[in-house]
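Asks:
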Amino acid sequence: RVLRSAVAELPGCTRTRSFSILDEEGADGAMRAVLARLVKEGRLAKDECDAADMRAQLSFAKNAMKCSAGASPKQLHAALVRAGYRRRWSKTLSARGALVNPADPAAPTPLDWFEHIAGAYEDELRSQDAFDFDDLLGHAVWALRGAPHGEAARPSAALHRFRARFRHVLVDEFQDTNVAQYEFLRLLALPLPELMGPSVSMLGDDPLAQ
1 RVLRSAVAEL
11 PGCTRTRSFS
21 ILDEEGADGA
31 MRAVLARLVK
41 EGRLAKDECD
51 AADMRAQLSF
61 AKNAMKCSAG
71 ASPKQLHAAL
81 VRAGYRRRWS
91 KTLSARGALV
101 NPADPAAPTP
111 LDWFEHIAGA
121 YEDELRSQDA
131 FDFDDLLGHA
141 VWALRGAPHG
151 EAARPSAALH
161 RFRARFRHVL
171 VDEFQDTNVA
181 QYEFLRLLAL
191 PLPELMGPSV
201 SMLGDDPLAQ
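If you're matching positions, the sequence shown starts at 1 in full-length UniProt numbering and goes up one per residue.
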């Protein structure tokens, strides 16, 4: 609801108010379409990149950022590395020979592949007028902070609308909150000069937070 009411206020977002929301299966399907296209174009070796694994790494990167909306593929990769999530990406691409011509010194590196696929995936979602769950959150944060990734936040019209609407906020399982979710909550609860923030209650489990 936050995003549908504000998507027209996000310059460069290129989605309409009737955008669709991809579930996990739909998002994996979009990633498979991207990988298949890259293989067909000869820019990626067949069967060397797993769609679900690639999406998991993109998700991890986006959720490690306060606002992933507007972040470049290079910035997403930097967030992935900062968060310590390397998993088997580099090993998969270098040890298993995913590069089409690994002997070519000009051939892409694992870093290039991550960034290229991340960019192609975003293009695919734009073409479908769709968001996956991570982008839904990232763009909702953009709507509230009034600026995409890399730009200074400024209170937006959407922030004022939703701050006036919600007087009480309850967060369950707070120990599982990621960076992006916390930023959304912080923006919603931060007092403005002309509008007090809502009361916020958080429920968490100490043992699960260890």
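Every residue gets a Cβ at the ideal spot worked out from N, C-alpha and C, and that includes glycine.
Note that this is a predicted model, so its numbers are computed, not measured.
1. Leaving out five residues on either side along the sequence, give the residues of the same chain with a beta carbon under 8 Å from the beta carbon of residue 203.
2. To test your reading of the DSSP string, which unbroken alpha helix (DSSP H) runs of 4 or more residues are found completely within the stretch 101-186?
3. In terms of DSSP beta bridges, what is residue 202 paired with?
4. If we ignore side chains and look at the alpha-carbon of each, how far apart do residue 49 and residue 124 end up?
5. Could you tell me the alpha carbon to alpha carbon distance between residue 212 and residue 55, rounded to whole angstroms?
6. Beta-carbon separation of residue 22 and residue 184 under 9 Å?
7. Assign residue 59 to one of three DSSP states: helix, strand, or coil.
8. Assign residue 68 to one of three DSSP states: helix, strand, or coil.
9. Here's the rule: buried if 16 or more other CB atoms are within 10 angstroms of the residue's CB, otherwise exposed. What is residue 134?
10. How big is the Cα-Cα spacing for residue 150 and residue 41?
11. In chain order, what residues of the same chain have a beta carbon less than 8 Å from the beta carbon of residue 2, not counting five sequence neighbours either side?
12. Which residues in the same chain have their Cβ closer than 6 Å to the Cβ of residue 126, if we skip the five residues on either side of it in sequence?
13. For residue 88 and residue 199, what's the separation of their Cα atoms in angstroms?
14. Which residues in the same chain have their Cβ closer than 7 Å to the Cβ of residue 136, if we skip the five residues on either side of it in sequence?
15. Tell me which residues share the same chain as residue 69 and place their Cβ nearer than 8 Å to its Cβ, disregarding the 5 neighbours each side in the sequence.
16. Taking the straight line between their C-alpha atoms, what separation do you get for residue 72 and residue 34?
17. Measure the C-alpha to C-alpha separation of residue 189 and residue 64 and round it to an integer number of angstroms.
18. Would residue 28 pass as a contact of residue 51 if the rule is Cβ separation under 9 Å?
19. Measuring CA to CA, which of 128, 117, 80 and 43 is closest to residue 18?
20. Taking all protein chains shown into account, decide if residue 74 is buried (16 or more other Cβ within 10 angstroms of its Cβ) or exposed.
21. Kindly give me the distance between the Cβ atoms of residue 30 and residue 121, rounded to whole angstroms, as I take these residues to be in contact under 8 Å.
Replies: Looking at the atomic coordinates:
1. Against the sequence shown, residue 203 aligns to sequence position 203. Closer than 8 Å at the Cβ level, and outside the excluded window around residue 203, lie 170, 171, 172, 173 and 174.
2. 110-127, 133-145 and 157-165
3. By 1-based counting over the sequence shown, the position of residue 202 is 202. 171, per the DSSP bridge assignment.
4. On the sequence shown, position 49 is the one that residue 49 refers to. On the sequence shown, position 124 is the one that residue 124 refers to. Their Cα atoms are separated by approximately 17 Å.
5. Nothing about residue 212 can be read from this structure; the chain reaches only from 1 to 210.
6. To locate residue 22, count along the sequence shown from 1; it is residue 22. To locate residue 184, count along the sequence shown from 1; it is residue 184. Contact flag unset, no.
7. Position 59 of the sequence shown, counting from 1, holds the residue named residue 59. Here residue 59 sits in helix by DSSP.
8. As a first step, residue 68 is located in the sequence shown; it is residue number 68 there, counting from the start. Correct three-state label for residue 68: coil.
9. In the sequence shown, the residue the question calls residue 134 occupies position 134. By the 10 Å Cβ count, residue 134 comes out buried.
10. As a first step, residue 150 must be located in the sequence shown, where it is residue number 150. As a first step, residue 41 must be located in the sequence shown, where it is residue number 41. Distance between the alpha carbons of residue 150 and residue 41: 32 Å.
11. Sequence index remark: in the sequence shown, residue 2 carries index 2 (1-based). Excluding residues within five positions, the ones whose Cβ falls inside 8 Å are 140, 143, 144, 158 and 162.
12. In the sequence shown, counting from the first residue as 1, residue 126 sits at position 126. If we look at residue 126 and ignore the five residues flanking it on each side, its Cβ neighbours are 14.
13. Looking up residue 88 in the sequence shown gives position 88. Looking up residue 199 in the sequence shown gives position 199. Low confidence applies here, because residue 88 scores a pLDDT of 46, under 50, leaving its location unreliable and the question unanswered by this model.
14. Counting from 1 along the sequence shown, the entry for residue 136 is found at position 136. Answer for residue 136: 3 and 21, listed in chain order.
15. On the sequence shown, residue 69 is found 69 positions in, with the first residue counted as 1. Within the same chain, residue 69 has close Cβ partners 10, 13, 135, 138, 139, 141, 142, 148 and 149.
16. As a working note, residue 72 is residue 72 in the sequence shown. As a working note, residue 34 is residue 34 in the sequence shown. Distance between the alpha carbons of residue 72 and residue 34 is about 17 Å.
17. On the sequence shown, position 189 is the one that residue 189 refers to. On the sequence shown, position 64 is the one that residue 64 refers to. One C-alpha to the other measures close to 20 Å.
18. Within the sequence shown, the letter at position 28 stands for residue 28. Within the sequence shown, the letter at position 51 stands for residue 51. Yes, Cβ-Cβ distance for residue 28 and residue 51 is below 9 Å.
19. Against the sequence shown, residue 18 aligns to sequence position 18. Among 128, 117, 80 and 43, the Cα nearest to that of residue 18 belongs to 128.
20. Here the question's residue 74 lines up with position 74 in the sequence shown. So residue 74 ends up on the exposed side.
21. Here the question's residue 30 lines up with position 30 in the sequence shown. Here the question's residue 121 lines up with position 121 in the sequence shown. Correct: roughly 7 Å between the Cβ atoms.
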